[in-house]
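Please read the structure below before turning to the comments.
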Amino acid sequence: MQPGKKHSMPKLPLAFYRSPDVLRIGRQLLGKFLVTRLDGRLAGGMIVETEAYAGPEDRASHAYGNRRTARTDVMFWNGGVAYVYLCYGLHCLFNIVTGREGVPHAVLIRALQPVDGVEAMMQRRRKTRVDRTLAGGPGSLTRALGIRVEHSGMDLRGARIWLEDRGVRVPLRNILAGPRVGVEYAGAHARRPWRFRIRANPWTSPA
DNA sequence: ATGTCGATTTGCT
DNA sequence: GCAAATCGACATA
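Counting from 920, one number per residue, gives the positions in the first sequence under my numbering.
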């Protein structure tokens, strides 16, 4: 391995993010790798759980009814950037904006299987063991990777936060679709099966 | 100006 | 199993 080259794998191309079908992207993101180089440390893992937020019709989305505020503005941008927001006043939640400008689609990343920079993740999470809680849960994985709200709007093909295809293929039959989490207030919309998980993957939630 | 509540996690009972 | 933590977005006044 040459210095400077590291083991870099192909970053996901812009076309991946620009598809109009956010549900399909939510499934395709399973098995992809989310990697950061923040605070001088490399960290990353395989995406094992996602949740899609689909356009202005989606009651569970921050952009429901095309609500556009300082916080949600990036959801309306062209696909391929990060949407990071503060939840419950303390957790930063990381989303991938998809589709085209003006249509607010996003995919929340809910869990990672830790792969790169496990030491850095353990330090940031103050954990002494590598278990499911290290990067499982949307607030936990951002903490593990060093992602914060100031990274909202960041290009996902840059040098700080990016996604890679390392050749892992997750066939449809190995994808579980279920209701989204924590959005009961959205009524019937919350029950749409827009949360995706890799079947029987120990790094995702058991239920 | 004030009040409510959230795409959650953690620690204590 | 439950509630605290903690802040900003939003609704209501």
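The beta-carbon is built from N, C-alpha and C at its ideal position, and this holds for glycine as well.
Just tell me which of R1079, G984 and Y1002 has its CA closest to the CA of G959. The residue from R1079, G984 and Y1002 with its alpha-carbon nearest to that of G959 is R1079.
If the criterion is Cβ atoms closer than 7 Å, does the pair T955 and L1064 meet it? Taking 7 Å as the cut-off, the beta carbon of T955 is found closer than this to the beta carbon of L1064.
Assign I1066 to one of three DSSP states: helix, strand, or coil. Here I1066 sits in coil by DSSP.
In angstroms, rounded to a whole number, what distance separates the CA positions of M920 and R1092? Interpretation of M920 is limited by its pLDDT of 44, a score under 50 that renders its predicted location unreliable; no figure is taken from the coordinates.
State the Cα-Cα distance for the pair R1051 and T991, rounded to the nearest angstrom. Using only the alpha carbons, I get a separation of about 30 Å.
State the beta-bridge partners of P1033 as determined by DSSP. G964.
For R1076, collect the residues of the same chain with a Cβ closer than 6 Å to its Cβ; drop the 5 residues on either side in sequence, then sort them by chain order. Closer than 6 Å at the Cβ level, and outside the excluded window around R1076, lie K930.
With H, G and I counted as helix, E and B as strand and the rest as coil, what does DSSP make of I1117? Reduced to three states, the DSSP call for I1117 is strand.
Cβ-heavy atom distance, Q1032 to the ligand NAD, below 6 Å: Among the components modelled here there is no ligand, and therefore nothing to report on the ligand NAD.
Grouping DSSP H, G and I as helix and E and B as strand, with all else coil, what is V941? Helix.
Leaving out five residues on either side along the sequence, give the residues of the same chain with a beta carbon under 7 Å from the beta carbon of Q1042. Taking C-beta separations shorter than 7 Å and ignoring five residues to either side along the sequence, Q1042 has no partners in its chain.
What is the rounded straight-line gap between the Cα of L961 and the Cα of V1037? If you draw a straight line from the Cα of L961 to the Cα of V1037, it is about 9 Å long.
How close, in whole Å, do the beta carbons of I1015 and A1025 come, if the pair is a contact with beta carbons under 8 Å? Yes, they are in contact, since the Cβ atoms of I1015 and A1025 sit about 6 Å apart, within 8 Å.
Let's test the definition: count the other Cβ atoms within 10 Å of the Cβ of C1006 and tell me whether it reaches 16, buried, or not, exposed. Burial call: exposed.
Host beta strand (DSSP E) of F952 (start-end): For F952, the enclosing beta strand (DSSP E) stretches over residues F952 to L957.
Please identify the residue among S1071, A1001, L1027 and R1085 whose C-alpha is closest to the C-alpha of A973. If we check each option's Cα against that of A973, L1027 comes out closest.
Whole-Å CB distance - H1070 paired with A979, under 8 Å assumed: The pair is not a contact, with the Cβ atoms about 23 Å apart (cut-off 8 Å).
Excluding the 5 residues flanking P939 on each side, which residues of the same chain have their C-beta closer than 6 Å to its C-beta? Non-local C-beta neighbours of P939 in its own chain, meaning closer than 6 Å and more than five positions away in sequence, comprise G1018, ordered along the chain.
From the DSSP output, in three-state form, read off R1111 for me. In the structure shown, R1111 sits in coil (DSSP, three-state: anything other than H, G, I, E or B).
State yes or no: is the C-beta of F1115 within less than 7 Å of the C-beta of R946? Yes, the pair counts as a contact, with Cβ atoms nearer than the cut-off.
Cutoff 7 Å; reference R1110; Cβ partners in own chain excluding five residues on either side: Hits under 7 Å: P1098.
For I1117, which residues in the same chain have their Cβ closer than 8 Å to its Cβ, ignoring the five residues on either side in sequence? L949, G950, V967, E968, V1089, N1093, I1094, L1095 and T1123, listed in sequence order.
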